[in-house]
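Chains as they are written, first to last, in this note's numbering: chain G, 1 to 371; chain R, 372 to 742.
For every residue, glycine included, the Cβ atom is placed at its ideal position computed from N, Cα and C.
Input: a single structure, listed below in structure tokens.
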């Protein structure tokens with residue numbers, strides 16, 4: 001078994017689970033510098049000593065009561081997310097570097113979902129005394145890799161103690177030309193419904209990691225079977241945000257009529273758009289993009305790939321609606337799938353299965369109603 | 372004993388501890404709506420249904436992937452703070468309404484410390500299932516009171532589960548005319564060192580609450596002795612941010628040469644200014660403002676009021692330096708005390724006691740070196 005291949009952009013490796021466990025345990029037990037030996041301000045200095053500013057809009061960064069930004073007449077877009085150990089992630093199979101990376105990405109995804117460009121983040125952490133400076137360094141390594149890749153500045157934050165577990169709160173700030181932002185509430189009848197990339201992979205990756213964790217804990221010495229599953233594991237441990245799509249919109253002078261990022265599953269997100277825009281929708285099951293690797297693994301587990309796409313979250317793809325006049329430009333982009341269209345509110349939110357049956361789109365519950 | 376008097380601005384009452392405990396227990400056990408009955412999105416709708424927008428710069432608020440702000444050419448100031456149950460607050464003696472209020476205030480204080488005006492906040496919460504919708508309502512009531520009082524909009528956030536305890540992460544965003552912000556790093560030799568309000572009260576209030584909690588837990592039926600201590604209890608449970616001082620600077624056309632808010636105690640904060648500005652300082656013990664109520668209570672506990680001011684935190688007053696030419700304007704403001712002056716770096720950071728002795732200013736440790 002060799003899964004030590006590079007995933008996605010070669011910046012990270014998906015490590016064998018027992019190796020990862022050993023490494024995490026080592027980081028937390030053997031080679032460790034106590035956070036208390038640096039103190040809060042020493043720790044902040046240590047964690048931000050290589051922090052480089054990339055945006056002209058970052059006037060003043062870490063080290064004062066607050067950061068100062070100058071977006072030069074553009075509008076400012078702000079989002080925040082909290083990630084809690086044991087709720088949002090399991091450190092047994094989540095390398096801290098990946099976690100740092102992902103905690104940035106999930107917030108950038110929200111900024112892109114506004115058709116805006118992220119420029120700054122703040123990073124607040126609470127952690128118990130089982131975390132060493134080395135462990136935090138590993139986390140911040142992932143944070144900085146994400147910041148560099150997406151051209152975002154880390155401009156502030158807070159580090160504090162927790163009684164239990166690791167808690168991450170990121171705020172991302174972006175910029176958008178006046179009135180160019182796209183909300184969830186402006187989809188209109190007849191618009192195309194589009195989704196980027198493919199769906200369901202992150203949910204399947206999580207399912208695999210949970211299964212192998214269970215096997216590993218129950219059967220000492222058994223190596224987890226993660227072979228050939230780099231794709232879905234990469235989707236859950238190291239998601240990307242769709243910077244490329246926002247750049248494509250700018251180049252092609254496209255303005256989606258509504259947009260949202262897919263963090264809770266396609267069903268939940270399309271229902272947000274329909275509710276806030278006061279419209280209905282028709283989705284076609286056969287149009288929903290699922291990668292072959294996800295599909296194969298779903299069948300192996302006897303899961304329905306469509307259900308994984310509709311109800312499985314954390315893919316961080318973009319779901320948007322756009323006027324039919326833009327069909328050709330959209331269809332020419334291989335990263336975008338047209339999966340349906342917007343209807344009147346009175347028509348409800350419908351999915352048409354491959355077999356031709358119609359079902360209402362239901363957040364989280366659609367799977368149980370499957371024929 | 373009757374301590375049910377209004378504290379500070381009559382918006383809150385400091386409640387008898389046993390009454391408060393009973394009320395908190397009732398909120399958490401008897402009259403409770405499970406958060407799960409609303410779901411995440413239902414909960415957000417519920418908590419933000421009366422959220423009114425007060426700033427023209429708030430273009431789009433809660434309910435989308437991100438908020439959109441337009442500061443119309445001004446610079447944007449950002450700060451964030453995380454508050455963790457058991458580390459930063461004890462729900463045994465902290466009413467949730469006060470906690471909501473304070474969690475906003477501590478962030479606004481950082482914005483004022485930049486000479487900026489707060490305009491928006493985001494509020495992220497993680498809480499275990501012992502928190503009911505009613506408990507969260509009480510917390511948000513305090514949040515909204517602070518927002519209304521300081522003219523700030525709640526524009527986003529996140530609500531999620533925690534495995535243990537209540538975790539709050541607030542990000543505050545403010546605005547400042549280009550190049551009017553004040554940092555910690557620009558104090559210069561000869562400047563006056565000034566502090567607003569009075570110091571040490573919050574630390575003494577906390578000491579009192581901790582003592583009475585201990586007595587109450589050890590001796591059933593004994594009423595806590597909080598009589599005549601509204602002032603110091605108010606300082607810890609319901610601090611205010613110094614909006615008035617920033618407004619005074621604007622009206623009087625004053626620009627401090629450096630500024631910081633006092634969250635960790637005067638010693639720690641003046642050392643930040645000295646380190647980041649590469650200067651030294653002389654403070655005069657007799658000039659450090661301590662209220663009579665704080666002083667009396669300190670003596671009762673055989674604590675040194677000056678030590679409480681230097682090392683006790685959470686007063687959320689402003690510490691700033693300003694050019695000597697502004698002496699008269701500053702001296703005319705009864706809310707500002709001039710406590711020393713900036714010297715050369717080579718002279719170190721010194722405090723001169725009432726007895727005429729000189730000691731180095733040491734963060735947290737000064738008390739132990741007291742003569």
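**Asked** With distances taken between CB atoms, is the gap from residue 641/R to residue 564/R smaller than 8 Å?
**Response** yes
**Item:** Rounded separation between residue 182/G and residue 273/G - CA only
**Value:** 12 Å
**Request:** Can you grab the Cα-Cα spacing for the pair residue 653/R / residue 662/R, in whole Å?
**Result:** 22 Å
**Message:** Within the continuous alpha helix (DSSP H) that includes residue 294/G, where are the two ends?
**Reply:** 292-300
**Prompt:** beta strand (DSSP E) containing residue 39/G: first to last residue?
**Reply:** Taken as a continuous stretch (DSSP letters only), residue 39/G belongs to no beta strand (DSSP E), being part of the alpha helix (DSSP H) at 39-48.
**Message:** Can you list, in chain order, the residues of its chain with a C-beta nearer than 7 Å to that of residue 533/R? Leave out the 5 residues immediately preceding and following it.
**Reply:** 497, 498, 499
**Request:** Could you name the residues of chain G that residue 528/R contacts, counting a contact when the two beta carbons are closer than 8 Å?
**Result:** 80
**Prompt:** What residues from chain R crowd round residue 92/G, counting only those whose CB sits closer than 9 Å?
**Reply:** Simply none; closest approach about 15 Å.
**Prompt:** Enumerated in chain order, which unbroken segments of the beta strand (DSSP E) with a length of 3 residues or greater are wholly contained in the stretch 572-647 of chain R?
**Reply:** 629-632
**Message:** Counting only Cβ-Cβ distances shorter than 8 Å, please list the residues of the stretch 531-554 of chain R near chain G, keeping chain order.
**Reply:** 531, 532, 533, 534, 535, 536, 538, 540, 542, 543, 544, 545, 547, 549, 552, 554
**Per-residue DSSP class, three states only, for residue 161/G** = strand
**Request:** Starting from the C-beta of residue 433/R, find all residues in its chain whose C-beta is less than 8 Å away, skip the five residues before and the five after it, and write them out in chain order.
**Result:** 415, 419, 422, 525, 526, 527, 528
**Item:** Separation of residue 701/R from residue 659/R, as counted between CA atoms
**Value:** 15 Å
**Message:** If you reduce the DSSP assignment to three classes, tell me which class residue 320/G lands in.
**Reply:** strand
**Request:** Determine whether the Cβ of residue 485/R lies closer than 8 Å to any Cβ atom of chain G.
**Result:** yes
**Message:** Does the structure place the stretch 572-586 of chain R close enough to the stretch 457-464 of chain R that three or more beta carbon pairs sit under 8 Å?
**Reply:** yes
**Message:** Taking 6 Å as the limit between beta carbons, can you name the residues of its chain near residue 425/R, skipping five residues before and five after?
**Reply:** 522, 524
**Request:** Kindly indicate which three-state DSSP category residue 674/R falls into: helix, strand or coil?
**Result:** coil
**Message:** For chain R, check one thing: does any of its Cβ atoms lie closer than 8 Å to the Cβ of residue 67/G?
**Reply:** Chain R, which has a Cβ nearer than 8 Å to the Cβ of residue 67/G, makes this yes.
**Message:** Can you list, in chain order, the residues of its chain with a C-beta nearer than 7 Å to that of residue 11/G? Leave out the 5 residues immediately preceding and following it.
**Reply:** Caution applies to residue 11/G, whose pLDDT of 44 falls short of 50 and renders its modelled position unreliable; the model cannot decide the point.
**Item:** Neighbouring residues, chain R, relative to residue 75/G (Cβ below 8 Å)
**Value:** 430, 439, 440, 441
**Request:** Give me whichever residues DSSP pairs with residue 360/G in a beta bridge.
**Result:** Residue 360/G pairs with 350/G.
**Request:** Can you tell me which of 672/R, 649/R, 668/R, 446/R puts its alpha carbon nearest to the alpha carbon of residue 718/R?
**Result:** 649/R
**Message:** Taking only three categories from DSSP, how would you classify residue 4/G?
**Reply:** Below a pLDDT of 50, predicted positions are generally treated as unreliable, and residue 4/G, at 33, falls in that range; no measurement from the model is reported.
**Reference residue 694/R; option with closest CA among 705/R, 680/R, 686/R, 709/R** = 709/R
**Asked** Quick one: is residue 64/G near chain R, going by C-beta distance under 8 Å?
**Response** yes
**Request:** Give the DSSP-derived three-state secondary structure of residue 355/G in the structure shown.
**Result:** coil
**Message:** Buried or exposed, going by whether 16 or more other CB atoms sit within 10 Å of the CB of residue 402/R?
**Reply:** exposed
**Message:** Suppose the cutoff is 6 Å on Cβ atoms and the five residues either side in sequence are ignored; what does the same chain contact list for residue 352/G look like?
**Reply:** 284, 358
**Item:** CB contact below 8 Å: residue 56/G versus chain R
**Value:** Residue contact with chain R for residue 56/G: absent (no Cβ-Cβ distance below 8 Å to any residue of chain R).
**Message:** Taking its Cβ as the centre, do 16 or more other Cβ atoms sit within 10 Å of residue 483/R, making it buried, or is it exposed?
**Reply:** buried
**Asked** Straight-line CA distance for residue 714/R to residue 34/G?
**Response** 35 Å
**Message:** To the nearest angstrom, how far is the alpha carbon of residue 454/R from that of residue 665/R?
**Reply:** 25 Å
**Asked** Excluding five sequence neighbours on each side, which residues of the same chain lie with their C-beta closer than 6 Å to the C-beta of residue 203/G?
**Response** 308, 312
**Asked** Where do the ends of the beta strand (DSSP E) carrying residue 452/R lie?
**Response** 446-455
**Asked** According to the neighbour-count rule (16 or more other Cβ atoms, all chains shown, within 10 Å of its Cβ), is residue 590/R buried or exposed?
**Response** When all chains shown are included, residue 590/R counts as exposed.
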